[in-house]
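**Q** Numbering (UniProt numbering), first residue to last: 573 to 851. Glycine included, C-beta positions come from ideal geometry on N, C-alpha and C. Here the structure is a predicted model, which is why all the values come from computation and not from measurement. Here it is: the structure, laid out below.
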Amino acid sequence: AKSVGRNTYAHYSPALEARASERLEMRNQLHHAIARNELILHYQPKVSMRTGEIIGAEALIRWNSAERGMISPAQFIPLAEESGLIVPIGEWVLRSACAQAMRWQRLGLPPMIMAVNLSPRQFRQGDLRERLRQILADTGLRPEHLELEVTESAIMENAASAIRLLGDIHDMGVHLAIDDFGTGYSSLAYLKQLPVSILKVDQSFVKGLTSEADDAAIVTAIIAMAKSLRLAVTAEGVETLEQLEALKKLGCDNYQGYFFSRPVPAGEFTALLRHTASP
Ligand code: C2E
Ligand code: CA
Ligand code: CA
Ligand code: CA
Numbered sequence: 573a574k575s576v577g578r579n580t581y582a583h584y585s586p587a588l589e590a591r592a593s594e595r596l597e598m599r600n601q602l603h604h605a606i607a608r609n610e611l612i613l614h615y616q617p618k619v620s621m622r623t624g625e626i627i628g629a630e631a632l633i634r635w636n637s638a639e640r641g642m643i644s645p646a647q648f649i650p651l652a653e654e655s656g657l658i659v660p661i662g663e664w665v666l667r668s669a670c671a672q673a674m675r676w677q678r679l680g681l682p683p684m685i686m687a688v689n690l691s692p693r694q695f696r697q698g699d700l701r702e703r704l705r706q707i708l709a710d711t712g713l714r715p716e717h718l719e720l721e722v723t724e725s726a727i728m729e730n731a732a733s734a735i736r737l738l739g740d741i742h743d744m745g746v747h748l749a750i751d752d753f754g755t756g757y758s759s760l761a762y763l764k765q766l767p768v769s770i771l772k773v774d775q776s777f778v779k780g781l782t783s784e785a786d787d788a789a790i791v792t793a794i795i796a797m798a799k800s801l802r803l804a805v806t807a808e809g810v811e812t813l814e815q816l817e818a819l820k821k822l823g824c825d826n827y828q829g830y831f832f833s834r835p836v837p838a839g840e841f842t843a844l845l846r847h848t849a850s851p
């Protein structure tokens, strides 16, 4: 509290200051993480309820920091978002995930859809369309083999421009999914205007599906609504056979979760693909 007004002294505390400098240090380390090859992607299978086959993968970032060890995205994505580092990091994620999808195709494994998370800030980035086009051109991945996951809140920050952007991305042939559906701002009125084809039911609802009447009601309603809007539904966070069977009964199309597999490094995912690929 140096150059700020007198009133702010009341808020000064050594603990706050320590936390601020800790964040600054982490931010500097994160800044170097790309160049130091400390970022890696893990992949979680997306599985068809009907066939039990892997139909896609969600790329999930991890930071293997020299100073701090393995750090989960819940810890550093908010920091990356706030500092703007999410833009180069997000670009790295997109490029790496597309390149990996191509590697799997070249191994002769059945083509599947690679899903990548887009943060709100990336979503507001003016040149996202061009960047996407460039990455697809550079890696050779066909747009139909890419899916972008966007949260409701990212869309609702500026619904009008989001609808235009999503429309352009959809026109390129890239699939769009709404992530964490049901947890954000209600965008039901917009839903029919959005060129998305997939709703991802948030794992918090899946968790209580077989034990809490409220969660069961929410999941039932989301799936019914998605079906009537002709959207595909992916459930996330499926951990038990009971949850899987309940979701199947409700007409859910695809699922992800520890029940099938945790997110795993590319090498392990290759083994999973080889095991479950149909001959
Ligand atoms: P998300 O997109 O909702 O991803 C799902 C999270 O649930 C992942 O956590 C995944 O590991 C975890 N998960 C999957 N199956 C289960 C399950 O059966 N049970 C439980 N308890 N958890 C499960 P993770 O990898 O720690 O990622 C957390 C969040 O960080 C993601 O939530 C996403 O919002 C963000 N994130 C991860 N990678 C990226 C990225 O490359 N870019 C951006 N912008 N955000 C990312
Ligand atoms: Ca996601
Ligand atoms: Ca999610
Ligand atoms: Ca989430």
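1. Is it the case that the Cβ atoms of M621 and L845 are separated by a distance below 9 Å?
2. So which residues put a beta carbon under 6 Å from any heavy atom of ligand 2, going in chain order?
3. For R667, which residues in the same chain have their Cβ closer than 6 Å to its Cβ, ignoring the five residues on either side in sequence?
4. At a cut-off of 8 Å, would you count D786 as near ligand 3, judging by its Cβ distance to the nearest heavy atom?
5. Can you tell me which residues form a DSSP beta bridge with H747?
6. Suppose the cutoff is 6 Å on Cβ atoms and the five residues either side in sequence are ignored; what does the same chain contact list for V768 look like?
7. Please state the DSSP three-state secondary structure of S575.
8. Alpha carbons only, please: which of V746, I643, R640 and M728 is nearest the one belonging to A687?
9. What is the residue span of the alpha helix (DSSP H) that G839 lies within?
10. Starting from the C-beta of A669, find all residues in its chain whose C-beta is less than 7 Å away, skip the five residues before and the five after it, and write them out in chain order.
11. Let me confirm a value: G809 is counted as buried when at least 16 other C-beta atoms fall within 10 Å, else exposed. Which label applies?
12. With burial defined as no fewer than 16 other Cβ atoms inside 10 Å of the residue's Cβ, what is the status of residue 853: buried or exposed?
13. Ordered along the chain, which non-local residues of its own chain (more than five positions away) have a Cβ less than 8 Å from that of T782?
14. Specify, as a first and last residue, the run of the alpha helix (DSSP H) that P617 falls within.
15. Answer yes or no: the CB of G641 versus the heavy atoms of ligand 1, is any distance below 8 Å?
16. Near Q697, which residues of its chain fall below 7 Å by C-beta distance, leaving aside the five closest residues on each side in sequence?
17. Closer than 8 Å: is that where the CB of L781 sits relative to any heavy atom of ligand 5?
18. Would DSSP call E724 helix, strand or coil?
19. When DSSP builds the beta bridges, which residues end up paired with N826?
20. Under 6 Å Cβ to Cβ from A726, same chain only, skipping five residues before and after it: list those, please.
21. Quick check: what's the CA-CA separation for M674 versus I790?
22. Rounded to whole angstroms, what is the Cα-Cα separation between F832 and E840?
23. Provide the residue(s) that pair with K772 in DSSP beta bridges, ordered along the chain.
24. For a test of the three-state rule: what should DSSP assign to P851, helix, strand or coil?
**A** Considering the structure as presented:
1. Residue mapping note: residue 621 aligns to position 49 of the sequence shown, counting from 1. Residue mapping note: residue 845 aligns to position 273 of the sequence shown, counting from 1. The answer is no: Cβ separation not under 9 Å.
2. Listed along the chain, these residues meet the criterion: E630, N689, E721 and D751.
3. On the sequence shown, residue 667 is found 95 positions in, with the first residue counted as 1. Excluding positions up to five away in sequence, the list reads I707.
4. Your numbering for residue 786 matches position 214 in the sequence shown. No; taking the cut-off as 8 Å, the Cβ of D786 has no heavy atom of ligand 3 nearer than that.
5. Walking along the sequence shown from the start, residue 747 turns up at place 175. The partner list for H747 (beta bridge, DSSP) reads E719.
6. The sequence position of residue 768 within the sequence shown is 196, counting from 1. Residues L748 and I750 of the same chain have their beta carbon placed closer than 6 Å to that of V768, with the five preceding and five following residues left out of the count.
7. The residue you call residue 575 lines up with position 3 of the sequence shown. Any reading at S575 needs caution, since the residue's pLDDT is 48, under 50, leaving its predicted position unreliable; the model's value is listed next. Coil at S575, not helix or strand.
8. Sequence index remark: in the sequence shown, residue 687 carries index 115 (1-based). Considering only V746, I643, R640 and M728, the residue with the shortest C-alpha distance to A687 is V746.
9. The sequence position of residue 839 within the sequence shown is 267, counting from 1. Counting along the chain, the alpha helix (DSSP H) containing G839 begins and ends at A838 to T848.
10. Here residue 669 refers to the residue found at position 97 when the sequence shown is read from its first residue. Only residues of its own chain outside the window of five on either side were considered, and among them L613, A631, M686 and V688 have a CB closer than 7 Å to the CB of A669, listed in chain order.
11. In the sequence shown, the residue the question calls residue 809 occupies position 237. G809 is buried by the Cβ-count criterion.
12. Shown here, the chain extends from 573 to 851; a query on residue 853 therefore has no answer.
13. To locate residue 782, count along the sequence shown from 1; it is residue 210. If we look at T782 and ignore the five residues flanking it on each side, its Cβ neighbours are A788, T812, E814, Q815 and A818.
14. In the sequence shown, residue 617 corresponds to position 45, counting from 1. That residue, P617, is in no alpha helix (DSSP H); its beta strand (DSSP E) goes L611 to S620.
15. Residue numbering aside, residue 641 sits at position 69 when the sequence shown is read from its first letter. Because no heavy atom of ligand 1 lies under 8 Å away, the Cβ of G641 does not count as near it: no.
16. Within the sequence shown, the letter at position 125 stands for residue 697. Close CB contacts of Q697 within its chain, under the 7 Å cut and outside five residues either way in sequence, are with V659 (chain order).
17. Of the ligands this structure carries, namely ligand 1, ligand 2, ligand 3 and ligand 4, none is ligand 5.
18. Locating residue 724 in the sequence shown gives position 152, counting from the first residue. In the structure shown, the three-state DSSP call for E724 is helix.
19. Reading the sequence shown from its first residue, position 254 is the one you call residue 826. Residue pairing by DSSP places N826 opposite S620 and T806 in a beta bridge.
20. Translated into the one-based positions of the sequence shown, residue 726 becomes position 154. Cβ within range, chain order: P692 and F695.
21. One-based indexing of the sequence shown puts residue 674 at position 102. One-based indexing of the sequence shown puts residue 790 at position 218. For M674 and I790, the gap between their C-alpha atoms comes out near 37 Å.
22. Against the sequence shown, residue 832 aligns to sequence position 260. Against the sequence shown, residue 840 aligns to sequence position 268. So the alpha carbons of these two residues sit roughly 13 Å apart.
23. Position 200 of the sequence shown, counted from the start, is the residue given in the question as residue 772. According to DSSP, K772 bridges with T806.
24. As a position in the sequence shown, residue 851 is number 279, starting the count at 1. For P851, the predicted model reports a pLDDT of 47, less than 50, meaning its position is unreliable; a value from the coordinates is still stated below. Here P851 sits in coil by DSSP.
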